[in-house]
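Worksheet: the structure to be examined is printed underneath.
Protein chains in written order, with our numbering: chain A, 17 to 130; chain B, 641 to 753.
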């Protein structure tokens, strides 16, 4: 069974640029959630995709957008990058459904905005 | 306003002794609680969870206790090992599926040999 994978591992961008981060969910999981972890903080929920549809969003501006594909992999896109977007971006996958479900995290993408 | 609080940024424990990590929450709608462990340059690794219908859940050296009336949970690690040194995050969510996790800021545990 393959775990959650993310690419790239590290990324350096400049202010105003756009970035796309990728996530492959664990086998059998249909739900992907994205989190941003700033230095010294816990992960903060960005949004979640369930069976290719957005299924909840945290307190992030519209320049944070995403997609989920038929194979349940996912992308996080951030437009007009700001310095404060520098963080570790974590993707988590889960089985989804009506009962609480454990989310399993990937290793993260470290984004640095200069 | 932080809904999940881990008030101890760090904790140091001797190898073989008990480690107790604490977590408080304010949202009474939370019904499912999880602990994750995180090493540097890795994603959080799931450790143990508990739903609000229980007050204790045990898995090997790890036990989570939940006190709903006090809105408090704790993670006990017995015996502590040097490999347990990591940042531990407490997280909470609602009872229905696909609800997002709300995390605390984490507690850095150092287990000294």
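Yeah, the Cβ is synthetic: ideal placement off N, Cα and C, and Gly gets one too.
Look up residue 641 of chain B in the DSSP assignment and say whether it is helix, strand or coil. Here residue 641 of chain B sits in coil by DSSP.
Less than 7 Å between CB atoms is the rule here; does residue 116 of chain A satisfy it with respect to chain B? Closer than 7 Å to some Cβ of chain B, the Cβ of residue 116 of chain A qualifies, so yes.
Residues of chain B with CB under 8 Å from residue 106 of chain A, in chain order? Think of a sphere of 8 Å around the beta carbon of residue 106 of chain A: the chain B residues whose beta carbon falls inside it are 683 and 684, in chain order.
For residue 724 of chain B, which of helix, strand or coil comes out of DSSP? Residue state for residue 724 of chain B is assigned as helix, using DSSP reduced to three classes.
Nearest-angstrom Cα distance between residue 717 of chain B and residue 704 of chain B? Their Cα atoms are separated by approximately 9 Å.
For residue 43 of chain A and residue 18 of chain A, what's the separation of their Cα atoms in angstroms? In this model, residue 43 of chain A and residue 18 of chain A are separated by some 6 Å (Cα to Cα).
Kindly list, in the order they appear in chain B, the residues whose Cβ is closer than 9 Å to that of residue 61 of chain A. Neighbours of residue 61 of chain A on chain B, chain order: 740, 741, 742 and 743.
Segments assigned alpha helix (DSSP H), at least 4 residues, entirely inside the stretch 662-741 of chain B: Runs of the alpha helix (DSSP H) lying entirely within the stretch 662-741 of chain B and spanning at least 4 residues: none are present.
Rounded straight-line distance, which links the Cα of residue 750 of chain B to that of residue 83 of chain A: Linking residue 83 of chain A to residue 750 of chain B through their CA atoms gives a straight-line distance of about 39 Å.
By DSSP, does residue 111 of chain A sit in helix, in strand, or in coil? Three-state result, residue 111 of chain A: coil.
Sequence-distant residues of the same chain with beta carbon closer than 6 Å to residue 667 of chain B, five excluded per side: Closer than 6 Å at Cβ, skipping near neighbours: 643.
With a threshold of 8 Å, are at least 3 pairs of Cβ atoms found where one atom belongs to the stretch 654-674 of chain B and the other to the stretch 728-745 of chain B? Under the Cβ criterion (8 Å, minimum of three pairs), the stretch 654-674 of chain B counts as touching the stretch 728-745 of chain B.
So the candidates are B:725, B:693, B:733 and B:688; which of them puts its Cα closest to the Cα of residue 714 of chain B? With respect to the C-alpha of residue 714 of chain B, the residue from B:725, B:693, B:733 and B:688 having the closest C-alpha is B:688.
Can you look up residue 99 of chain A in the DSSP assignment and give me helix, strand or coil? It is helical.
To the nearest angstrom, how far is it from the Cα of residue 712 of chain B to the Cα of residue 30 of chain A? Rounded to the nearest angstrom, the two C-alpha atoms are 42 Å apart.
By the DSSP assignment, the beta strand (DSSP E) with residue 27 of chain A in it spans what residues? Per DSSP, the continuous beta strand (DSSP E) segment holding residue 27 of chain A begins and ends at 26-29.
By how many angstroms is the C-alpha of residue 50 of chain A removed from the C-alpha of residue 65 of chain A? If you draw a straight line from the Cα of residue 65 of chain A to the Cα of residue 50 of chain A, it is about 9 Å long.
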